[in-house]
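Visitor:
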Amino acid sequence: MVAYIARRLALMIPTLIGILLISFIIVQFAPGGPVERIMAQLQGLDQGATGRFTGGTGDLGAAQRAQGLESRYRGRQGLDQQLIKDLEKQFGFDKPAYERFWKMLTDYASLNFGRSFFRGKDVVELIKEKLPVSITLGLWMTLLSYLISIPLGIRKAVRDGSAFDIWTSAVVIVGYAIPGFLFAILLVVLFAGGSFWQIFPLRGLTSEDWSNLSTLGKIADYFWHIALPVTAMAIGAFATTTFLTKNSFLDEIRKQYVQTARMKGLTENQVLYGHVFRNAMLIVIAGFPASFIHAFFTGSLLIETIFSLDGLGLLSFESIVNRDYPVVFANLYIFALIGLIANLISDITYMLIDPRIDFESREV
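Heads up, the working numbering is the position in the sequence shown plus 7, with the first residue counted as 1.
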């Protein structure tokens with residue numbers, strides 16, 4: 008087991024390098040960039056909604072320079088070539104691509120992600136600021152989805168073909184068909200002061216007076232704020248896990264060992280949870296890393312926007328639009344690392360559920 012974990016951890020290094028290398032190469036051929044974006048700002052051509060500068064990098068930030076020199080160059084047909092060279096140097100684009108990639112690898116090895124081009128903050132500090140929102144949405148959505156989907160899937164497998172199975176399938180499919188952001192808008196309209204009731208808040212994870220509340224009051228306030236966004240994210244996640252659980256259990260229930268266990272006089276619950284559950288849940292656990300990463304990042308972007316929650320999903324999107332490469336690559340690195348670790352944890356969980364799985368003799 009220890010040797011297998013060591014091999015998997017060692018393989019994470021070339022995997023991360025490969026992910027960063029492919030993304031770095033794609034960026035080199037992508038049109039536009041931070042320098043071009045500032046030039047467009049100076050010429051009044053940049054209409055990006057998220058393109059406003061909020062700070063500089065280093066002692067003399069590129070954004071501050073652009074703002075300070077904007078009046079000097081406004082209205083001219085072109086920009087001073089020295090200014091362009093200074094901007095390229097400021098962002099590090101005066102060096103060859105291989106040097107910039109090597110520097111990124113060496114910095115990332117020590118978890119030095121640099122500073123944001125346009126936000127004037129250290130990337131690690133930015134991620135720390137946004138992390139609570141993404142952790143909240145990702146963990147609670149995944150937990151809520153699994154707590155409901157697994158028991159529901161088991162129940163549907165036991166009562167396969169019954170009226171309960173049919174109407175619950177219809178409800179789950181309808182929920183899956185409704186986009187999460189559309190359901191979020193419906194929740195806002197109904198319960199967050201849109202047109203009907205003002206029951207839940209529409210902004211932030213906590214109230215302004217959260218620090219003055221009692222412990223129970225803080226807990227209640229926290230769940231009061233996350234109720235709508237987590238519900239909106241979870242509504243579409245039920246279908247996959249529910250049907251995966253149902254089909255997995257149906258496949259196991261029809262096997263010979265289940266019939267043998269019943270012939271031995273075991274109760275249905277003993278057969279279901281003592282024998283079938285362990286084998287059927289392996290495939291469900293296999294889908295957990297992808298489900299968690301989706302909830303943690305891509306699945307939360309629109310939900311964060313609708314409920315005014317400033318998390319990693321929104322940060323990454325704005326960084327891509329603004330060509331804020333330090334933030335883009337840092338988020339890519341972190342989420343890739345989380346995904347690799349989550350897959351390793353998933354494999355280890357296999358063994359905890361079914362000790363028959365031997366990782367020591369398994370080839371990576």
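Note that the Cβ used here is the ideal one computed from N, Cα and C, for glycine as well.
#1: Since Asn329 is in the alpha helix (DSSP H), which residue starts that stretch and which ends it?
#2: Exposed or buried, Glu311, counting other C-beta atoms within 10 Å across all chains shown (16 or more means buried)?
#3: Can you tell me whether Tyr105 is buried or exposed, with buried defined as 16 or more other CB within 10 angstroms of its CB?
#4: With DSSP run on the structure shown, which of helix, strand or coil describes Ala170?
#5: By the DSSP assignment, the alpha helix (DSSP H) with Val283 in it spans what residues?
#6: Examine the Cβ distances between the stretch 255-263 and the stretch 189-200 and report whether three or more of them are shorter than 8 Å.
#7: Is it the case that the Cβ atoms of Gly182 and Met240 are separated by a distance below 9 Å?
#8: By the three-class DSSP mapping on this structure, what secondary structure does Ala199 have?
#9: Tell me which residue opens and which closes the alpha helix (DSSP H) that Met273 is part of.
#10: The alpha helix (DSSP H) with Asp114 in it runs from where to where?
#11: Give the straight-line distance between the Cα atoms of Asp216 and Lys135, rounded to the nearest whole angstrom.
#12: So, using beta-carbon positions, are Lys163 and Ser152 closer together than 9 Å?
#13: With DSSP as the reference, please indicate the residues paired to Asp129 in a beta bridge.
#14: How is the alpha helix (DSSP H) around Trp231 delimited, first residue to last?
#15: Give me the Cα-Cα distance between Gly127 and Tyr11, rounded to the nearest whole angstrom.
#16: How big is the Cα-Cα spacing for Ala268 and Leu197?
#17: Check whether the stretch 321-334 and the stretch 199-212 are in contact - that is, three or more C-beta pairs closer than 8 Å.
#18: With Leu235 and Phe314 assumed to form a contact (beta carbons below 8 Å), what rounded beta-carbon distance in angstroms separates them?
#19: If you scan the stretch 142-171 from start to end, which runs of the beta strand (DSSP E) of 3 or more residues do you find wholly inside it?
Guide: In short, the structure shows the following:
#1: Neither: Asn329 is in no alpha helix (DSSP H) and is coded neither H nor E.
#2: buried
#3: exposed
#4: helix
#5: It is not in any alpha helix (DSSP H) - Val283 carries neither H nor E in the DSSP assignment.
#6: no
#7: no
#8: strand
#9: The residue you asked about is not Met; residue 273 is Leu in the sequence shown. Careful: Leu273 lies outside any alpha helix (DSSP H) and carries neither H nor E.
#10: Ala104 to Ala116
#11: 22 Å
#12: no
#13: Arg122
#14: Thr222 to Ala241
#15: 42 Å
#16: 50 Å
#17: no
#18: 7 Å
#19: none
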